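In my numbering, the protein residues as written are 551 to 715. The structure appears below as structure tokens.
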Amino acid sequence: MKSLKISLAMAILLGALTQVGANEAVDTQIQAIKDADPQERRELINELKQEIAQMNKDEQSDAVSQMRLQLKSMNQEKVITAEKTQIKKQVQNQYKEKQESELQEQLQVKEQKRIKTMQLTQQMQETQQMQQMENMNQYQGANQFSQEMMQSNTINQAFGQKGQK
Numbered sequence: 551m552k553s554l555k556i557s558l559a560m561a562i563l564l565g566a567l568t569q570v571g572a573n574e575a576v577d578t579q580i581q582a583i584k585d586a587d588p589q590e591r592r593e594l595i596n597e598l599k600q601e602i603a604q605m606n607k608d609e610q611s612d613a614v615s616q617m618r619l620q621l622k623s624m625n626q627e628k629v630i631t632a633e634k635t636q637i638k639k640q641v642q643n644q645y646k647e648k649q650e651s652e653l654q655e656q657l658q659v660k661e662q663k664r665i666k667t668m669q670l671t672q673q674m675q676e677t678q679q680m681q682q683m684e685n686m687n688q689y690q691g692a693n694q695f696s697q698e699m700m701q702s703n704t705i706n707q708a709f710g711q712k713g714q715k
């Protein structure tokens with residue numbers, strides 16, 4: 551992390567130096583610093599610092615001012631990037647919440663349909679049971695009536711036959 555900050559600061563400084571009219575040797579050093587591994591980068595940065603120290607005050611002042619502007623610009627870009635990332639995450643979260651909400655609603659509708667189907671099935675079963683009981687009661691009543699009628703006919707015939715003798 552430390553080397554990254556150093557690299558970033560040096561890249562900005564190096565960029566500032568190239569913008570204020572540094573010579574091709576500085577450009578070459580900048581590229582070498584960018585391409586170098588961390589240990590070599592430190593050595594190259596130290597060499598560049600020595601060159602900067604040899605500049606006159608105006609050149610150093612211009613280089614520092616330019617570096618500050620670039621740092622400010624980079625910070626603003628980071629803030630903008632962070633805001634964009636945050637907005638993107640918010641949009642993704644809202645989309646995800648909307649999908650979850652829609653899924654939850656679909657599940658609720660399915661559950662309501664399932665419950666309604668169960669209720670209708672239960673009502674149908676109860677109605678069938680009631681009809682079966684009514685039919686059975688009617689059958690038993692008709693059967694009992696039939697038996698009573700048969701008994702009554704048998705009694706009438708028995709009395710009628712005895713009375714005729």
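Beta carbons are placed, not taken as given, at the ideal position from N, Cα and C, and that holds for glycine. None of these values were measured; they are calculated from a predicted model.
Check                                                                                   : Outcome
Assumed close pair Ile595, Ile583 - CB separation to whole angstroms, cut-off 8 Å       : 6 Å
Rounded separation between Glu633 and Gln658 - CA only                                  : 37 Å
N-terminal and C-terminal residue of the alpha helix (DSSP H) that Asn596 is part of    : Pro588 to Ala603
For Asn606, three-class secondary structure by DSSP                                     : coil
Cβ shell of Asn573 (< 7 Å), same chain only, five flanking positions each side left out : In this prediction, Asn573 scores a pLDDT of 47, lower than 50, which makes its location untrustworthy; the coordinate-derived value is nonetheless stated afterwards. Excluding residues within five positions, none has a Cβ falling inside 7 Å.
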